[in-house]
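What follows is a set of notes on a single structure, which appears directly below.
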Amino acid sequence: MDDSRSVAVLPPAAGYDLIGDVHGCGVTLSRLLERMGYRRQGEVYRHANRRAVFVGDVIDRGPRVREALQIVKAMVDAGEAVMVIGNHEFNALTYCTPRPDGEGYLRPHVPRTNRQIAETLEQFAHYPAEWREYLAWFARLPIFIEYPGHKGFSAFRVVHACWDAPLIAHHLGRYGSGHFDEQFLLASVEPQTIEYKTRQRLTSGIDLPLPEGMSIISSDGYERSSFRTKFWADNPRTYGDLLFQPDPLPDSVANAPISDADRACMTHYGPEQPPLFVGHYWLKGKPSPLAPNLACLDYSAVKYGRLVAYRMDGEAHLAAHKFVWEYVDP
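Numbering (the working numbering), first residue to last: 159 to 488.
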């Protein structure tokens, strides 16, 4: 693995445009950038005084993964953008990295994982060297970034799925930034490790298990034995209070009180924290803040939803009118 590191410091700018999960919607990404005043100069989209921040999950599912990656990486390489790694990029890394013992790959090649990455691998079938370059680039991306702010411009944070302060503090103590190394990657697939918990929590959020033997079929056709939860819920009492996914829970689960064991698994992002931007959660409808200091930017673009951005100009309280989007044309 390449030991060089892309810089997690945000390029200086008058404002930042935080962009949600692209998932291969390359044409829509171009339209969104142009709507926000970015203009293509050679291979790079540039803005006179703003920079872009991508919240991860540029790959998989959509028809133009390669084009989307070309746009995003060119902007990052030119200092016009930064990106945090999403669970799909991290999964691609582990899917394509052989285990040290030679027994398969870090992410097993089974029907479910094959299906998730199928469109990406198909689109790179004739560009294997280029795909290897993107994998090396994924390994240099940070898992999270925090902009410290300055006078008149609020600090803000970016992570793909969940900001867990203790895990992030531990990671910063070891690495000094949101970046990770090969040792972290190898350990991230071993369930008992801090690396596994950090990768899972920050890039995939907090999933709680359904009762034993129970499962649900998600809207994207996967059978799931767990459900995605809020990490900002104020005093939740039932599992329904924690639910944060398009697919409902059975009433018997939704109305049940949260167990002490599951409550101990939760983290909480309080209203006193800096603004936080995430993706990951497949929202629908008109974009708006989830809380005064929290915005999700994933509005199901690849399911013919909206590719969403938030135009951050230093405000401590996020506002609905700062969201912009492009609809994905079927």
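Yeah, the Cβ is synthetic: ideal placement off N, Cα and C, and Gly gets one too.
Member of the options whose CA lies at the smallest distance from the CA of residue i
i	options	result
L407	D420, T425 and T387	T387
S335	Y285, A206, L343 and I326	I326
P369	L360, S417 and H329	S417
H181	G262, Y285 and Q228	Q228
G307	L168, A391, Y253 and A319	L168
K309	A478, Y292, D471 and V234	D471
H267	A250, P258 and Q199	A250
W289	Y203, E225 and L344	E225
V234	P286, V482, Y292 and G260	Y292
A236	Q199, T351, E261 and L330	Q199
Distance between beta carbons of residue j and residue i, contact taken as under 8 Å
i	j	result
V486	C183	5 Å
S312	E484	Going by Cβ atoms, the distance from S312 to E484 rounds to 26 Å, so no, they are not a contact pair.
I374	D405	6 Å
W390	Y427	4 Å
R197	R204	6 Å
P258	L344	7 Å
Beta-carbon spacing of residue i, residue j below 8 Å
i	j	result
P488	Y462	yes
R315	L434	yes
H318	L360	yes
N438	D215	One detail in the question is off: residue 438 reads as His in this sequence, not Asn. Contact: yes.
K442	S458	yes
R265	T252	yes
N451	Q431	yes
P429	A449	yes
I177	V240	no
S346	R332	no
Residues near residue i by beta carbon distance below 8 Å, same chain, minus five either side
i	result
A206	G195
A323	T425
D160	Unreliable placement is indicated for D160, whose pLDDT of 40 sits below 50; the coordinate value is still reported in the next sentence. Excluding residues within five positions, the ones whose Cβ falls inside 8 Å are A294, A297 and R298.
I243	G214, F296, L299, P300, I301, H318 and T361
E247	G214, D215, V216, I217, F296 and L299
A477	P447
L366	S384, F385, T387, Y397, L400, D420 and C423
Q403	S376, F385, R386, Y439 and W440
Y263	T252, Y253, C254, T255, P256 and R257
Same chain only: Cβ atoms within 6 Å of residue i, ignoring 5 sequence neighbours per side
i	result
E201	A232
D392	none
S164	Interpretation of S164 is limited by its pLDDT of 38, a score under 50 that renders its predicted location unreliable; the figure taken from the coordinates is listed afterwards. Excluding residues within five positions, the ones whose Cβ falls inside 6 Å are R298.
S162	With a pLDDT of 40 at S162, under the threshold of 50, the predicted position of this residue should be treated as unreliable, and no value is reported.
R469	D175 and K480
V411	Y397
7 Å CB neighbourhood of residue i in its chain, flanking five on each side removed
i	result
D378	none
R189	E484
V223	G182, I217, E277, T278 and Q281
R382	S373, I374 and S376
F342	E353
V185	R222
P394	L400 and I416
beta-carbon residue i near the ligand SAH non-hydrogen atom, thresh 7 Å
i	result
K309	With respect to small molecules bound, the structure shown includes none, and the ligand SAH cannot be examined in it.
Interface flag, residue i vs chain B, CB-CB below 8 Å
i	result
L279	Among the chains in the structure shown there is no chain B, since it carries only a single protein chain.
How do the segment 210-220 and the segment 275-282 stand: do at least 3 beta-carbon pairs fall below 8 Å, yes or no? yes
Would you call the segment 172-181 in contact with the segment 208-215, where contact means no fewer than 3 C-beta pairs closer than 8 Å? yes
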